[in-house]
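J.: Counting along the sequence shown from 1, when you hit position 133 you're at 154 in our numbering, and nothing is skipped either side.
Note that beta-carbon positions come from the ideal geometry of N, C-alpha and C, so glycine has one too.
Model, not experiment: these values are computed from the prediction.
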Amino acid sequence: MTDWWARAQAVIPGGVNSPVRSFRGVGGTPFFVKESQGPYLRTEDGKTLIDYVMGYGPFILGHSAPPVIEAVVNQAQKGLGYGTPTTQEVLYAELLSRSVPNLDVVRLVNSGTEATMSALRVARAVTGRRRVVKFAGCYHGHHDSLLIKAGSGAATLGVPDSGGVPEEVAALTITVPYNDVTAFRALFDRFGSEIAAVILEPVAGNMGTVPPSPGFLEAVQAVTHQHGALLVVDEVMTGFRVAWGGASKLFGLDPDLVCLAKVVGAGMPLGAYGGKREYMSWVAPLGSVYQAGTFSGNPLAVAAGFAQLSTIGGPEFYGGLRERTQYLAHQLVALGQRHGIDVSTNVIGAMFTLFFSDRAPSEFTEVEATNRERYRAFFHGMLARGVFFPPSPFETAFPSSQHDDVVIETTLKAADEVFRTL
Ligand SMILES: *Cc1c(COP(=O)(O)O)cnc(C)c1O
22 MTDWWARAQA VIPGGVNSPV RSFRGVGGTP FFVKESQGPY LRTEDGKTLI DYVMGYGPFI
82 LGHSAPPVIE AVVNQAQKGL GYGTPTTQEV LYAELLSRSV PNLDVVRLVN SGTEATMSAL
142 RVARAVTGRR RVVKFAGCYH GHHDSLLIKA GSGAATLGVP DSGGVPEEVA ALTITVPYND
202 VTAFRALFDR FGSEIAAVIL EPVAGNMGTV PPSPGFLEAV QAVTHQHGAL LVVDEVMTGF
262 RVAWGGASKL FGLDPDLVCL AKVVGAGMPL GAYGGKREYM SWVAPLGSVY QAGTFSGNPL
322 AVAAGFAQLS TIGGPEFYGG LRERTQYLAH QLVALGQRHG IDVSTNVIGA MFTLFFSDRA
382 PSEFTEVEAT NRERYRAFFH GMLARGVFFP PSPFETAFPS SQHDDVVIET TLKAADEVFR
442 TL
């Protein structure tokens, strides 16, 4: 039998095209997927897995959702791209603009990374300022300005979180703890007039799921606006996942710029950024902020995204999905506790993370303090029983509308067995 993993490592860095797939630090060898359907992955070695990773977020209708596949196949027969405007782009921009707060104008790009990178460029141009603020534990993509780790202390100038990021660039990004309004205010007292933008995950999902504390988002928004900085709401994960129109809609926010990807691309490489017309009019060809893309607005990606959002149709879709996600997360906690294990969860919309701690974390250092060894054991135990959970507690689980009662009960039964072994 071919050792695909050895062959992968010989020609692809670490054998993977995105680091999280290597399960590094989690141990074990990644599996290769052959196909996907609904809540399931089928691996090359013939196993069927219940999937909660779900491509890290796009597949809210389940894998290979028929309306999405059909739309992509239909479009493929007409061409893969033209480098010209299409009417479908207009229809999709209209749908997004109608549904997401303050999204007067929206530009399609190819990934979440491109969306946040472009939004910051707009914010810097509009304000004529250089510094940006992010929250520790939030992930906004892999470009230089945002691949930043907090230094020590409450509000710190960033240090590079990656080789190859110049310190000078990292130093322009200031990092504060999530859900810490005091630190955030103190930072603006000191640097307020130099800050171009605050970028935030309205529900953090890249340190595991960590929802905003009551009043946090409102305070961040008010302070940001008082100082003439732009509020960039990164809805790459939360957009059309926690609610129709995203977390901005759910929490009644007033974003200046919004970033989208994942669910809006339905599994194709598509992202978007947009917002208030006065700011987006800075974008070329209207204004001086250059941003472009050979594949931007790619017809296959647009067809997929449009089909997915049209199938979801509106806010009603989310009720049942939210209830099943709540049920699953809370049942997992109850089961764990029955086995005498300290376990907790944060759950919102169709996002949750199981934490091995007696109290659910509210910011990054608290996630770091959870029992990650135990999470690792849980992950491997579940995988051995045919359930693919995120490889670490710094990731979010993404139930889809195809995770029905049978799938959930099968998951709980596996978890019951695994908890017994922990
Ligand atoms: C996934 C993610 C990104 C990066 O998106 P890519 O498409 O992977 O570049 C940015 N922000 C958030 C909140 C994300 O979850």
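Going by DSSP in three states, GLY314 sits in which element: helix, strand or coil?
T.: In the structure shown, GLY314 sits in coil (DSSP, three-state: anything other than H, G, I, E or B).
J.: Across which residues does DSSP place ASN367 in a beta bridge pair?
T.: According to DSSP, which records beta bridges pairwise, ASN367 is partnered with THR374.
J.: Could you work out which residue in ALA192, VAL186 and VAL153 is closest to SER214 when comparing CA atoms only?
T.: Of the candidates ALA192, VAL186 and VAL153, the one whose C-alpha sits nearest the C-alpha of SER214 is VAL153.
J.: Candidates ILE71, HIS351, LEU252 and ALA86: which alpha carbon is nearest PHE327's?
T.: Comparing Cα positions, the closest option is ALA86.
J.: Within 7 Å: the Cβ of MET258 and any heavy atom of ligand 1?
T.: Flag set: Cβ of MET258 near ligand 1.
J.: What whole-angstrom Cβ distance do PHE440 and ILE362 have, given they're in contact under 8 Å?
T.: With 8 Å as the limit, PHE440 and ILE362 qualify as a contact, their Cβ atoms being about 6 Å apart.
J.: Between LEU251 and ALA144, is the Cβ-Cβ spacing less than 8 Å?
T.: Cβ distance < 8 Å, so LEU251 and ALA144 count as in contact.
J.: Tell me the start and end of each unbroken beta strand (DSSP E) in the stretch 225-283 that is at least 3 residues and wholly inside, in chain order.
T.: Counting only runs of 3 or more, we get 251-255 and 278-281.
J.: Report whether the distance from the Cβ of GLY273 to the nearest heavy atom of ligand 1 is below 7 Å.
T.: Answer for GLY273: no, Cβ out of range of ligand 1.
J.: On the DSSP letters alone, give me the boundaries of the alpha helix (DSSP H) that ILE90 sits inside.
T.: Run containing ILE90: 87-97, per the alpha helix (DSSP H) assignment.
J.: Measuring straight from C-alpha to C-alpha, what distance separates LEU101 and LEU321?
T.: If I take the Cα positions, the gap works out to 6 Å.
J.: Residues in its own chain within less than 8 Å of PHE410 by CB, not counting five upstream and five downstream?
T.: The answer, listed in chain order, is TYR73, VAL74, LEU375, PHE399, PHE400, MET403, LEU404 and ALA418.
J.: Just to confirm, does LYS170 get its C-beta within under 7 Å of one of the non-hydrogen atoms of ligand 1?
T.: LYS170: no, Cβ never under 7 Å from ligand 1.
J.: With GLY334 and SER132 assumed to form a contact (beta carbons below 8 Å), what rounded beta-carbon distance in angstroms separates them?
T.: Not quite, the Cβ-Cβ distance comes to about 26 Å (not below 8 Å), so this is no contact.
J.: Which partner residues does PRO198 have in the DSSP bridge list?
T.: Paired residue(s): ALA157.
J.: Among PHE209, SER118, GLY229 and THR432, which one has its Cα closest to the Cα of CYS280?
T.: For CYS280, the nearest C-alpha among the options comes from SER118.
J.: Can you tell me where the beta strand (DSSP E) holding SER57 begins and where it ends?
T.: 54-58 is the span of the beta strand (DSSP E), which, as asked, contains SER57.
J.: Under 7 Å from any heavy atom of ligand 1, does the C-beta of ASP363 make it?
T.: No; taking the cut-off as 7 Å, the Cβ of ASP363 has no heavy atom of ligand 1 nearer than that.
J.: Per DSSP, what are the beta-bridge partners of LEU62 in this structure?
T.: DSSP output for LEU62 lists SER57 and LEU70 as bridge partner(s).
J.: For LEU330 versus LEU116, is the C-beta spacing smaller than 8 Å?
T.: Yes, these two residues count as a Cβ contact at 8 Å.
J.: Just the Cα atoms here: how many angstroms apart are PRO412 and ALA324?
T.: Taking the straight line joining both Cα atoms gives about 31 Å.
J.: Let me confirm a value: PRO235 is counted as buried when at least 16 other C-beta atoms fall within 10 Å, else exposed. Which label applies?
T.: Per the 10 Å Cβ criterion, exposed.
J.: Start and end of the beta strand (DSSP E) containing ALA218?
T.: Its beta strand (DSSP E) spans residues 216-221.
J.: Tell me which same chain residues have a C-beta within less than 7 Å of the C-beta of ARG42, skipping the five on either side of it?
T.: PRO51.
J.: Is any heavy atom in ligand 1 found nearer than 7 Å to the beta carbon of ASN227?
T.: At least one heavy atom of ligand 1 is nearer than 7 Å to the Cβ of ASN227, so yes.
J.: Candidates PHE205, GLY286 and GLY49: which alpha carbon is nearest VAL130's?
T.: For the residues PHE205, GLY286 and GLY49, the minimum Cα distance to VAL130 belongs to GLY286.
J.: For ligand 1, I want to know if THR194 counts as a neighbour, meaning its beta carbon is within less than 7 Å of at least one of the ligand's heavy atoms.
T.: Answer for THR194: no, Cβ out of range of ligand 1.
J.: Roughly how many whole angstroms lie between the Cα atoms of THR134 and LYS283?
T.: So the alpha carbons of these two residues sit roughly 11 Å apart.
J.: Go ahead and pull the three-state DSSP assignment for ILE333.
T.: Of the three classes helix, strand and coil, the one that applies to ILE333 here is helix, per DSSP.
J.: Can you name the residues that DSSP bridges to HIS84?
T.: In the DSSP output, where bridge partners are listed per residue, HIS84 has GLY59.
J.: When the distance is taken between beta carbons, is VAL263 closer than 8 Å to ILE195?
T.: In this structure, VAL263 does not lie closer than 8 Å to ILE195 by Cβ.
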